[in-house]
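Student: First the structure, then my questions, so here it is.
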Amino acid sequence: MEARFARDPPPDWLAQTKLHPPRLRDDIIPRPRLLAALRDAVAARPLTILSAPPGYGKTTLLAALALEVSKVPEVPEVSKVSKVSKVDNSALLTLGTLDTSHFPLGTSPAWLSLDEADNDPVHFLTAVIAALQRLDPDCGAAALSLLKTNPGADVRRVVAALINDLLSRLQGAPTSHQPLPPDLYVLILDDLHLITERAIYAALDYWLERLPPSMRLVIATRHDPPLALARLRARGELAEIRLADLRFTPEEMTALLNDRLRLGLSPGDLAALQSRTEGWAAGLRLLALSLGHFPSPVHRAAFIGHLSQTDRYVFDFLADEVLNRQPPDVRTFLLETSILSELTPPLCQAVTGRGDAEAILEDLYRRNLFLVAVDAPSRLQDAPTPPPPSTSHFALPTSHFYRYHALFAQFLRQRLERELPDRVIELHRRAAEAYKRSVGMSLPYRAIGHYLAGEMWEEAAQTIERLPREFLMQGLVDTVRGWILALPAAAREAHPDLTVMLAACALLTGEIETAKPLLERIWQNFERTGDERKKEEGGALTNLAIGAFLQADFGRCGELIRRALPLPLSRFDLAQLLMLRAWLRLFDSDWTQANADFEAALTVAEEAPEPEALIVLTFHLKPDFAALPGGLERIERFCQRAAPLAGDQPSPLRLSLDELAVFVHFWRGRPDEAIRLGENVLALIEQTGSTPLVGLTAAIFGGIAHAARGDYAAADRLFDSLLRQTDQSELTRTLRKATPLYPIGRARWQQGRLEEARQVYAEMLAASTNASAENPRESPEAPVLRETMRGLLEWAERRYLDAERTLRRAVSLEQNVPLAALFGSARLMLASLYLERNRPDEALAELAPVLAECERQGTPGLIFKEGATVVPLLRLAVERRAHPAFAAHVLDRLGAPIEAGPVRIPETGETLTPREVEILRLVAAGDSNRAIAGKLVISRPTVNTHVANILRKLNVASRTQAAARARELRIA
């Protein structure tokens, strides 16, 4: 199966025109000083900001930079450009022949034009990654996967994943594509002032603090963004191009108005215009359009005199002049199409009803009426098709899209609201319908915006309801939530599925408290209506069931599953419902039916034509199911099927699969692999942010593996992480308290930290009391683990008869609860007690069946997890020939020798007993007497006596000397 998450195409909702700089016209004025200044700034500083009010040519300057370094054919020099009567859209730039030797960029900059919709952090970062992927299709795959599968992740963590990816590529790490060039690599963000979301600026600050050395960020904005500019400025890491730099100089203005346009203005007129416009590019452009209509220098001088005396805002005054000089039909066209963010002939035709929309657009562009051309990607060239009138053919291909300059668009929209207020809603409705009928553009996204602006609440609600599941799985949770909340309350109430979507948004981002009232409302609606006729009801009930499960409301969860399963269901929903029911049956100790549901869920997911069902099961599947017959093999099979979907980059999907692999390695007797992979999983969770229930498995089995090897410091660190995670959700607080506590208590007991072990047992008892009072359910293994812990404490207190009785009760309970074996074995603890009490035959009688079963199933991890406590048992098995090869294998995994025989000391003639050899090895390993007592389950005074005898027999004065002597004797 294809590794889809490693390299997906750009999402359908992202307008690809945002990733292309605007095209530069051929009739533009040379301003090489500005382009050289920008080039030098980008070459020298990590961040370059172009900050100035609208209309000063920021976008055009950046487009010129993009053109310069893209190795496209050069624009003709000024001397080769024919005389024109109009000028460029804002900055009036030309490239001419420019020296690129000082700007070592090996490829075009990545470009992103921002708009208001990008205030969704997921939307913003996805768009940034899409821009970067135009340079390398695999760039940002890890960050993109994280956004899709964990939309609630801290955006700074997503940026961290992106930075790591960029660093590896800029350093030439091998990928499926060539790495990015090792020279300068530029991302341009245009119109950053449209971003108001604080989380996005926090992410940008984080990025700038860690920007790879070969990368540059260039920003165009109308005002300084809320970034740490002062810090960057103090470090010399910020270049700034501001209003004073962007203003036209008197020389540039003269070159435009007199040399290029041949207007013949006097020095006095030029001085007056310089004073009135202050070198503002947009004002000069409008001025040129107006002056071109006057037949003589006298009329032009009079107009300039009037301009100098007016108190009106220059742009409004000049724009009025330009707008009012258009033919009435063109004037109306300009106003009506101002609602569109993209201008294509078919779209404009649909909104205005004019069949000559293409000709008008071409004429407006030719006459420089603030139209910006953007190259159209091939997949966007099919434009919306309006209802076919009498003669027009609307599927006209176009090589570029147009858009109005932002300042002119704002002016036109204000005039539209003032002059044709009754038309605005109707125009948005026409645009929405045009987008709805389109087959090649990001229609749901654009259509919904126009439906909302056109107050077409019903159509907006229906379109949102019909959004495919992938829309949310792509991470656009905040965007969808914003659309729904923009609807009137009555419209939301009339469409209950919108409440379901709001709840799904909350569940996807882990906002359980936000989801609770929404889920309650949905539940009440179903209780009231009893309407289970539509397929959509099945999806709604599935979300409700998931929400109830996460809130540990298992009664409601079971009822929702019962109501949902008879309905028409997608495989995505069916797989989840079956898996939820398998969990409930596990909690009910109905092992047979739990196993059947588990197998059925896997079959549904594996046979689904799309991978989403398999992906979502990754987050439902935990090691608990390995305790069922054939469960471990099913988990291994599932991991093999799902692994290609995750790719190699870190993501919640990848982490969930790696967590399952941690358990598989552990249970199959590969503790080193389990420890290594578990540490990696937890480190990546720290980097990328937590996902509900992801990380528990790595923490618990990593901690158990460390404890089994005697590395209790590492075990404590993971157990602390485990306890923090269990407090993150109602589900883990309700169900899992006893499960993580037992391995922690056992580790404390093995170390001789008995007071701490008693505290752990008290917490296990308290969890049992709370479960009984607040929720009748607790995890089935909890009573077994509590009894086992109690028996260990009685053993440590030398209440051997009590310990034996308690452990026997635990063994009896354990036989009916296969889940308990995943975390502890009462039978092995009872066998160890018998051996400690010098009852080897009874010890072997308890041990042998466990050895036989583990050898048959290939699961040495069940024994390994008990750590040093079972080492004497395993040596007994080797000595008595009870599955000796398998027992020796587990001893090897524990790092314990098969035999601890006597060792003669040549220099002194003394002989170390097997127990003294065992203790000397631990001394050489750096263990304290307290730790040795815990590992060997003997008292500290006994250890003290043994250590004193060892020092005497070795004829050494310290533990350090004893350790060195042990190494000489090859004991350690």
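Residue numbers for the sequence shown follow our numbering, so the first one is 1272 and each next one is one higher. Note that the Cβ used here is the ideal one computed from N, Cα and C, for glycine as well.
For a minimum of 4 consecutive residues, which ranges assigned as the alpha helix (DSSP H) are wholly contained in the segment 2155 to 2225?
Tutor: Correct list: 2155 to 2165, 2185 to 2195, 2200 to 2207 and 2211 to 2225.
Student: My parser needs the alpha helix (DSSP H) runs of 4 or more residues fully inside the segment 1806 to 1891; what are they?
Tutor: With a minimum length of 4 residues, the continuous alpha helix (DSSP H) runs that stay inside the segment 1806 to 1891 are 1806 to 1821, 1825 to 1835, 1842 to 1858, 1862 to 1878 and 1883 to 1891.
Student: What's the C-alpha gap between residue 1607 and residue 1698?
Tutor: Cα-Cα distance, rounded: 7 Å.
Student: Look up residue 1293 in the DSSP assignment and say whether it is helix, strand or coil.
Tutor: It is a strand residue.
Student: Between the Cα of residue 1724 and those of 1861, 1603 and 1757, spot the shortest distance and give me the residue it belongs to.
Tutor: It is 1757 whose Cα lies nearest to the Cα of residue 1724.
Student: Would you identify the three-state DSSP class for residue 2228, choosing helix, strand or coil?
Tutor: Here residue 2228 sits in coil by DSSP.
Student: Rounded to a whole number of angstroms, what is the C-alpha to C-alpha distance between residue 2116 and residue 2153?
Tutor: Straight-line Cα distance between these residues: approximately 10 Å.
Student: Return yes when the Cβ of residue 1842 is within less than 7 Å of the Cβ of residue 1887, no when it is not.
Tutor: No. Outside cutoff.
Student: Would DSSP call residue 1368 helix, strand or coil?
Tutor: In this predicted model, residue 1368 has a pLDDT of only 35, less than 50, meaning its place in the structure is not dependable; the value taken from the coordinates is given anyway. DSSP places residue 1368 in coil when its eight states are reduced to three.
Student: With a threshold of 7 Å on Cβ separation, who are the neighbours of residue 2054 within its own chain once the five nearest residues in sequence on each side are excluded?
Tutor: Cβ within range, chain order: 2084.
Student: If you reduce the DSSP assignment to three classes, tell me which class residue 1574 lands in.
Tutor: DSSP places residue 1574 in helix when its eight states are reduced to three.
Student: Who are the near neighbours of residue 1763 in its chain, counting only those whose CB is closer than 6 Å to its CB and skipping five residues on each side?
Tutor: So the list reads 1769, once near-sequence residues are dropped.
Student: Taking the alpha helix (DSSP H) that residue 1613 belongs to, which residues open and close that run?
Tutor: Neither: residue 1613 is in no alpha helix (DSSP H) and is coded neither H nor E.
Student: Applying the criterion that 16 or more other CB atoms from any shown protein chain within 10 Å of the CB defines a buried residue, is residue 1734 buried or exposed?
Tutor: It is buried - the Cβ of residue 1734 has at least 16 other Cβ atoms within 10 Å.
Student: Would you kindly work out how many angstroms separate the C-alpha atoms of residue 1822 and residue 1776, rounded to a whole number?
Tutor: Those two C-alpha atoms are separated by around 16 Å.
Student: Are the segment 2121 to 2135 and the segment 1925 to 1932 in contact at 8 Å, needing three or more beta carbon pairs?
Tutor: The answer is no - the segment 1925 to 1932 does not touch the segment 2121 to 2135, with fewer than three Cβ pairs under 8 Å.
Student: So residue 1323 packs on residue 1513, CB below 8 Å; how close in whole Å?
Tutor: 6 Å between Cβ atoms; contact.
Student: Tell me where the beta strand (DSSP E) around residue 1461 begins and ends.
Tutor: Residues 1456 to 1461.
Student: Could you tell me whether the segment 2192 to 2201 touches the segment 2013 to 2021, where touching means 3 or more Cβ pairs closer than 8 Å?
Tutor: The answer is no - the segment 2013 to 2021 does not touch the segment 2192 to 2201, with fewer than three Cβ pairs under 8 Å.
Student: Candidates 2058, 1641, 2159 and 1509: which alpha carbon is nearest residue 2074's?
Tutor: The candidate whose alpha carbon is nearest that of residue 2074 is 2058.
Student: Taking 7 Å as the CB-CB cut-off, is residue 1484 touching chain B?
Tutor: Judged by its chain identifiers, the structure shown contains no chain B, having just a single protein chain.
Student: Using only the alpha-carbon positions, how far apart do residue 1851 and residue 1790 sit?
Tutor: Roughly 17 Å between the two C-alpha positions.
Student: Given residue 1529, which residues of its chain have a CB within under 7 Å of its CB, disregarding the five upstream and five downstream residues?
Tutor: The answer, listed in chain order, is 1535 and 1536.
Student: For residue 1720, count the other beta carbons within 10 Å of its own beta carbon; 16 or more makes it buried, fewer makes it exposed. Which is it?
Tutor: Label assigned to residue 1720: buried.
Student: Can at least three beta-carbon pairs, one atom from the segment 1477 to 1491 and one from the segment 1405 to 1422, be found at a separation below 8 Å?
Tutor: Output reads no: the segment 1405 to 1422 does not touch the segment 1477 to 1491.
Student: Would you identify the three-state DSSP class for residue 1679, choosing helix, strand or coil?
Tutor: Of the three classes helix, strand and coil, the one that applies to residue 1679 here is helix, per DSSP.
Student: Under the rule that 16 or more other beta-carbon atoms within 10 Å means buried, what is residue 1866, buried or exposed?
Tutor: Its Cβ being crowded by 16 or more others within 10 Å, residue 1866 is buried.
Student: Expressed to the nearest angstrom, what Euclidean distance is found between the alpha-carbon atoms of residue 2037 and residue 2000?
Tutor: Answer to the nearest angstrom: the Cα atoms are 18 Å apart.
Student: Where do the ends of the beta strand (DSSP E) carrying residue 1381 lie?
Tutor: It spans 1381 to 1384 - the beta strand (DSSP E) in which residue 1381 sits, taken as one unbroken run.
Student: Verify whether the separation of the beta carbon atoms of residue 1938 and residue 2130 is less than 7 Å.
Tutor: Yes, these two residues count as a Cβ contact at 7 Å.
Student: Tell me, please, which residues DSSP counts as bridged to residue 1672.
Tutor: DSSP lists 1645 as partners of residue 1672.
Student: Within 10 angstroms of the Cβ of residue 2071, are there 16 or more other Cβ atoms? Answer buried if so, exposed if not.
Tutor: It is exposed - the Cβ of residue 2071 has fewer than 16 other Cβ atoms within 10 Å.
Student: Ordered along the chain, which non-local residues of its own chain (more than five positions away) have a Cβ less than 8 Å from that of residue 2200?
Tutor: Around residue 2200: 2211, 2214, 2215 and 2218.
Student: Tell me whether residue 1342 is buried or exposed, calling it buried when 16 or more other Cβ atoms sit within 10 Å of its Cβ.
Tutor: Bear in mind that a pLDDT of 48 at residue 1342, under 50, signals an unreliable position, so the model cannot answer this.
Student: Taking residue 1322 as part of the beta strand (DSSP E), name the residues at either end of that continuous run.
Tutor: Start and end: 1318 to 1322.
Student: If contacts are defined as beta-carbon pairs under 8 Å, then residue 1532 and residue 1555 qualify, I think. What distance do you get, rounded to the angstrom?
Tutor: With a Cβ gap of about 10 Å, residue 1532 and residue 1555 do not count as contacting.
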